[in-house]
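Per numbering that gives the first Met the number 0, the very first residue in the sequence shown carries number 0; after that it's consecutive.
Just so it is clear, CB atoms sit at the ideal spot from N, CA and C, and this is done for glycine as well.
Here's the structure we're looking at; comments come further down.
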Amino acid sequence: MNAFTLGLAEHVVRAADREHPADGVLREVLKEERNITPAQRTAVSMAVFSFYRWRGWLPASKPTRMQVEQAAQLAERYAAQPNSFADDDLLARTLPKWVAGVMEVTPEWVRTLQLPPTLWLRARRGQGRGLAAKLGDCRQHGEGALGDTLEYRGRQDLFLTPEFHAGEFELQDISSQAVSLICAPQPGETWWDACAGEGGKTLHLSGLMGNKGLIWASDSAAWRLQKLKRRAARAQVFNYRTAPWDGSARLPTRTKFDGVLVDAPCSGIGTWQRNPHARWTVTPQDVEELSKLQEQMLVNAAPALKPGGKLLYAVCTLTRAETQGVAGRFEAECPEFERLPVRDPLSAGKPAGAHVEYWPQQFGGSGMFIAAWTRRGDEGQAVLGGS
């Protein structure tokens, strides 16, 4: 790492805080550097993310630049000799201590957090094999629907490829793709993506529906819905409408849905491999407050279901309060809903269970929790995520 890239990484680290996440600061800093090379961009990004992965190992009394350099050295050593780091040291120094009080913390999980994340793509439906051949350096995850899930191992800037601009693929984590596969929407159905964000799952649901039927996409932030519209145009997705929703009992439409997906705001602990800065900004209070919000959003969204409809809850976190805690409290508040068995689409042959939970060390994706319900007495699908 030369002085130029080291200086940029130091600048990002100094500017980042809870209100200014490191990934956003990094994007802005790199955007301002008009003459930076792709190799330099990669070096700066790796240095910034390494700093936050190894922050607990760094001497706070040292200058920021020296800490950035030391973090890069630790990352290089870990990539070459992971066994030179003891489990006890990793457990003690890699995460804030409060995390062990809200979820299970294992050496396997922590070791995975210290590695760069896998880059996952989602090809257009049925186009995975052809896209892998075009891009190169791709591995299909499986057959059938999973044939469109690609692990990318190359180095080119995918946002500059003609395939990306033609809408032939989206960058989407494998665990996020699994959520839509569990939803299993059918052509002609009507769905509500209640917390759509910038639309990753909305676009996937549309693809699974063959661009037929209708999807309502909501979010509390209008700017996210604007980004969704741009992504949808590029992906040639047309069977959707957008409407803001703040999670309250006042729903954005009187439409009744075959399926409602509440991919709720969460602490994001499941994403800490690709977003290591968040390890040091999320607090236990965030977990507590978000779990209450998640439960209320589920309760408020539930009346939008048709008879026989499916209500799905997904969060990219692994804390007890935000996963089974929310599910249990929702069932206590809404006893007319019963849990639907959910089959894991990423694990062929695994029997359906009360929920699906992914850990980063399983498939190289984000941590994720998914559960589903229907009203008691309604004749809904017996098992979600497969036959």
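Residue i, enclosing beta strand (DSSP E) - first and last residue
i: V98; result: Unbroken run through V98: none, as it is neither H nor E.
i: M367; result: 367 to 374
i: F168; result: 168 to 170
i: R240; result: 239 to 241
Rounded straight-line distance, which links the Cα of residue j to that of residue i
i: S386; j: K133; result: At S386 the pLDDT is 44, less than 50, meaning the model places this residue with poor confidence; the figure from the coordinates comes in the next sentence. Near 33 Å, if we compare the C-alpha coordinates of K133 and S386.
i: A144; j: L5; result: 42 Å
i: I268; j: A21; result: 16 Å
i: L159; j: F336; result: 46 Å
i: L204; j: S179; result: 6 Å
i: F50; j: M102; result: 24 Å
i: A42; j: L73; result: 15 Å
i: G308; j: Q155; result: 43 Å
i: Q361; j: C137; result: 19 Å
i: S219; j: A234; result: 23 Å
i: R128; j: N210; result: 21 Å
i: V281; j: R17; result: 8 Å
i: A353; j: T322; result: 12 Å
i: A277; j: F48; result: 11 Å
i: E9; j: Q272; result: 20 Å
i: A232; j: I181; result: 25 Å
i: L130; j: L292; result: 39 Å
i: L149; j: D285; result: 33 Å
i: L297; j: G327; result: 12 Å
i: A71; j: A351; result: 43 Å
i: D86; j: P62; result: 28 Å
i: S346; j: R124; result: 20 Å
i: M0; j: R40; result: 11 Å
i: A14; j: G141; result: 42 Å
Sequence-distant residues of the same chain with beta carbon closer than 7 Å to residue i, five excluded per side
i: I35; result: L29
i: Y77; result: F84, Q113
i: L227; result: A195, E197, G198, T201, A216, T241
i: L90; result: V104, P106, V109
i: S44; result: L25
i: P37; result: D156
i: R319; result: V101, M102
Residues bridged to residue i [DSSP beta-bridge criterion]
i: T148; result: R121
i: K309; result: G258
i: V314; result: F368
i: D192; result: A216, L260
i: G352; result: V341
i: C137; result: Y151
i: F336; result: R374
i: L304; result: F256
i: L393; result: As shown, the chain starts at 0 and ends at 386. That puts residue 393 outside it, with no answer to give.
Own chain residues within Cβ distance below 6 Å of residue i, not counting five before or after
i: K255; result: K305
i: H19; result: none
i: E188; result: G212, D257
i: R152; result: D136
i: S365; result: D172, S174, G269, T270, C315
i: L118; result: Y151
i: P116; result: Q272, R273
i: F368; result: V314, T322, E356
i: L224; result: D218, T241
Opening and closing residue of the alpha helix (DSSP H) in which residue i lies
i: L213; result: Taken as a continuous stretch (DSSP letters only), L213 belongs to no alpha helix (DSSP H), being part of the beta strand (DSSP E) at 213 to 216.
i: T201; result: 199 to 207
i: C182; result: 173 to 182
i: R40; result: 37 to 52
i: T63; result: 63 to 79
i: T4; result: 2 to 14
i: A21; result: 21 to 31
i: W108; result: 106 to 112
i: W271; result: From DSSP, W271 is part of no alpha helix (DSSP H); its letter is neither H nor E.
i: E162; result: 161 to 164
i: F450; result: The structure shown does not extend to residue 450, since the chain is modelled only from 0 through 386, so no value can be given for it.
i: Q185; result: Note, Q185: premise wrong, no alpha helix (DSSP H); not H, not E.
i: A234; result: 221 to 234
Same chain, Cβ closer than 8 Å to residue i, five either side skipped, listed in chain order
i: N299; result: G246, S247, A248, L250
C-beta atoms of residue i and residue j nearer than 7 Å
i: L383; j: A371; result: yes
i: S174; j: A193; result: no
i: V388; j: A263; result: Because the chain spans 0 through 386 in this model, residue 388 falls outside it and cannot be assessed.
i: D46; j: V24; result: Note on identity: in this sequence residue 46 is Ala, with Asp being the wrong assignment. The answer is no: Cβ separation not under 7 Å.
i: V261; j: E294; result: no
i: C333; j: A301; result: yes
i: F163; j: L120; result: no
i: W191; j: V236; result: no
i: A177; j: P344; result: yes
i: R207; j: P184; result: Inspection of the sequence shows that residue 207 is occupied by Leu rather than by Arg. A contact, by the Cβ cut-off of 7 Å.
i: T93; j: P359; result: no
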